[in-house]
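The numbers in our numbering rise by one with no breaks, and the one at position 140 of the sequence shown is 402. Positions of the beta carbon are idealized from the N, C-alpha and C atoms, including for glycine.
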Amino acid sequence: MPESLEARAEGMQHQLRGANIRFTVYDLSGAAPVPVGVTTLLPDDSVRTAEFVVMLAREARGRGLGVEATRLTLDYAFHVASLRMVWLKVLAPNAAGIKAYERAGFRHAGRLREGGYWLGQVCDEVVMDALAQDFSGTSAVRALLGRDHTE
């Protein structure tokens, strides 16, 4: 649903006061870094898991920025925040999004039947997860620390 600027600003202030882990996504292809989105981890500290959310500007999509930002966020989740699992929900008709999440290291975990809407039509939501023990991406954190960064 459309949201007023005032309502969105109030919601953003509420989010900033929480324990969420947020990263700005930058496009580094030009002369200067340009912010094009955010990734967020919504942690549940009692079970060392987090929900993952990514938002990218329309002009940043389809260029691999989301995949790289997702991999870096998972790197942080598993190697810095010591989470054991990160999960997300994506609308089933969003084939490009699902493919990007798979490339970043997420796997299908299940479906919420009729859990969402896509272009005004009821659709399923796909639940995907990534486990620390299965994370096959390189660790930028370990590389910065001068350690072996492969698993």
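Inter-residue spacing [alpha-carbon to alpha-carbon] between residue i and residue j
{"i": "Pro355", "j": "Val315", "result": "17 Å"}
{"i": "Ala357", "j": "Tyr363", "result": "10 Å"}
{"i": "Met347", "j": "Ser291", "result": "31 Å"}
{"i": "Leu374", "j": "Leu350", "result": "12 Å"}
{"i": "Thr412", "j": "Asp391", "result": "Here the model assigns Thr412 a pLDDT of 48, short of 50, so the residue's position is not dependable, and the following value carries that caveat. When rounded, the distance between both Cα atoms is 20 Å."}
{"i": "Trp380", "j": "Glu387", "result": "10 Å"}
{"i": "Leu384", "j": "Ala339", "result": "First, the residue type needs correcting, since residue 384 is Val and not Leu in the sequence shown. Between Val384 and Ala339, the C-alpha separation is close to 32 Å."}
{"i": "Phe368", "j": "Asp396", "result": "9 Å"}
{"i": "Val389", "j": "Gly326", "result": "21 Å"}
{"i": "Leu406", "j": "Ala343", "result": "16 Å"}
{"i": "Asp410", "j": "Arg320", "result": "Bear in mind that the predicted position of Asp410 carries a pLDDT of just 49, short of 50, making it too unreliable to give a figure here."}
Alpha helix (DSSP H) segment containing residue i, residue limits
{"i": "Val329", "result": "327-341"}
{"i": "Glu313", "result": "That residue, Glu313, is in no alpha helix (DSSP H); its beta strand (DSSP E) goes 311-318."}
{"i": "Arg365", "result": "357-366"}
Under 7 Å between C-beta atoms of residue i and residue j
{"i": "Leu267", "j": "Ile283", "result": "no"}
{"i": "Arg310", "j": "Leu334", "result": "no"}
{"i": "Ser401", "j": "Asp306", "result": "no"}
Residue of the options minimising C-alpha distance to residue i
{"i": "Pro297", "options": "Asp307, Met317, Ile360", "result": "Met317"}
{"i": "Thr332", "options": "Ala293, Ala343, Ala366", "result": "Ala366"}
{"i": "Val352", "options": "Phe340, Ala405, Gly372", "result": "Gly372"}
{"i": "Ala312", "options": "Arg325, Asp386, Leu393", "result": "Leu393"}
{"i": "Lys361", "options": "Arg323, Ala281, Glu272", "result": "Arg323"}
{"i": "Gly328", "options": "Gly359, Arg369, His341, Ala339", "result": "Gly359"}
{"i": "Ser308", "options": "Ala319, His341, His370, Ala281", "result": "Ala281"}
Same chain, Cβ closer than 8 Å to residue i, five either side skipped, listed in chain order
{"i": "Tyr288", "result": "Pro295, Val296, Pro297, Val298"}
Span of the beta strand (DSSP E), counted from its first residue to its last, around residue i
{"i": "Arg323", "result": "From DSSP, Arg323 is part of no beta strand (DSSP E); its letter is neither H nor E."}
{"i": "Gln395", "result": "Counting along the chain, Gln395 falls outside any beta strand (DSSP E), and DSSP gives it neither H nor E."}
Close-in-space but distant-in-sequence residues of the same chain around residue i (CB under 7 Å, 5 per side omitted)
{"i": "Val300", "result": "Arg284, Phe285, Thr286, Val287, Met317"}
Beta-carbon proximity list for residue i, same chain, < 6 Å, skipping 5 on both sides
{"i": "Glu272", "result": "none"}
{"i": "Gly378", "result": "Leu353, Cys385, Glu387"}
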